[in-house]
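Notes to accompany the following structure.
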Ligand SMILES: [Zn+2]
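Numbering (our numbering), first residue to last: 568 to 869.
In structure tokens, the structure reads:
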């Protein structure tokens, strides 16, 4: 009897991770490898992890979560992967023979978190190189109409704040995105952790960076709570690996902002914020469970 596998892939800036799920959505295989930037490197990396998790006899569907704007199986402006425009669904489908769906990685992770928690209402705030959110309501991930649903990182909270890559000043992402923090501090891939370390030593500039990060993240939490009113707001992404070092200043900032507002206090935001535990391949699992029939339609339309 052939088992219809669902393969999910999470293409990150540093690793490409794959899972294979059986008919009960159990993980039956996992694989990962380093991401090679550029269209050719990303495609080859995806094909390699598909090979690693696919059973030879099982017909498979493949769902891919990838940063950037995604429409009709095409990826646009995945800056951190050095991809400006790639027809990813067609490429992978042609070379693997599978039905392939592609979506934004934050939305895929949102679906995965919902499955993991058996929750049908939550918001996922991704604090990574950039800042973006996904929303799960009534068990469905909101897609929007132009592929920008959840791009709350580009909500400006301070017109006098730092310049954002999008051209505005004081965006949430300009305060709380790892890429912006690295640019502003001249730091490398560990710029955020370095800023926390220096802030612990009392460095004034670093204290300001950390305070800005907490301010941006807290504004994102309030925005999601007011727009969607989810059961919980789960914070993940590279910066969330700081754990308590991140959670404490964000909760403190939420409390500070709510001091003068009985309304904000009534939302009990501190109780609704959670950090995503590291190590669970939530993005790949969510990608595997995307609606591939629509992915297939997107393919023929694209
Ligand atoms: Zn912006």
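A virtual CB, placed ideally from N, CA and C, is assigned to each residue, including glycine.
- Item | Given 8 Å, three or more beta-carbon pairs between the segment 818 to 833 and the segment 645 to 660 | no
- Ordered along the chain, which non-local residues of its own chain (more than five positions away) have a Cβ less than 7 Å from that of residue 786? Indexing the chain shown from 1 puts residue 786 at position 219. Cβ neighbours of residue 786 beyond the five flanking positions: 724, 739.
- Message: Let me check understanding here. Comparing Cα to Cα, which of 795, 583, 571 lies closest to residue 692?
- Response: For the purposes of this step, residue 692 is taken as the residue at position 125 of the chain shown. Among 795, 583, 571, the Cα nearest to that of residue 692 is on 795.
- Which partner residues of residue 638 appear in the DSSP bridge assignment? Along the chain shown, one-based indexing puts residue 638 at 71. DSSP lists 641 as partners of residue 638.
- How should residue 650 be labelled, buried or exposed, when 16 other C-beta atoms within 10 angstroms of its C-beta is the threshold for buried? The residue given as residue 650 occupies position 83 in the chain shown. When all chains shown are included, residue 650 counts as buried.
- In chain order, what residues of the same chain lie with their CB nearer than 6 Å to the CB of residue 703, ignoring the 5 residues before and after it? Numbered from 1 along the chain shown, position 136 holds the residue referred to as residue 703. Cβ neighbours of residue 703 beyond the five flanking positions: 677, 681, 689.
- Item | residue 853 in three-state terms, based on DSSP | If you number the chain shown from 1, residue 853 lands on position 286. Residue state, collapsed to three classes: helix.
- Message: Quick check: what's the CA-CA separation for residue 820 versus residue 836?
- Response: For the purposes of this step, residue 820 is taken as the residue at position 253 of the chain shown. For the purposes of this step, residue 836 is taken as the residue at position 269 of the chain shown. Looking at the two C-alpha atoms, the distance is approximately 11 Å.
- Message: Going by the DSSP bridge assignment, what does residue 710 pair with across the sheet?
- Response: Looking up residue 710 in the chain shown gives position 143. Paired residues: none, contrary to the question.
- Taking only the alpha-carbon atoms, compute the straight-line gap between residue 854 and residue 801 and give it to the nearest angstrom. Taking the chain shown and counting its residues from 1, the one referred to as residue 854 is at position 287. Taking the chain shown and counting its residues from 1, the one referred to as residue 801 is at position 234. Taking the straight line from one Cα to the other gives about 18 Å.
- Would you mind reading off the limits of the beta strand (DSSP E) that contains residue 599? As a first step, residue 599 is located in the chain shown; it is residue number 32 there, counting from the start. That run of the beta strand (DSSP E) goes 594 to 601.
- Taking 7 Å as the cut-off, does the CB of residue 799 come closer than this to any heavy atom belonging to ligand 1? Taking the chain shown and counting its residues from 1, the one referred to as residue 799 is at position 232. No.
- Task: Pick helix, strand or coil for residue 790, following the three-state DSSP scheme.
- Result: Taking the chain shown and counting its residues from 1, the one referred to as residue 790 is at position 223. The answer is helix: DSSP assigns residue 790 an H, G or I state.
- Item | In DSSP terms, what residue 574 is bridged to | Within the chain shown, numbered from 1, the residue matching residue 574 stands at position 7. Per DSSP, 587, 629.
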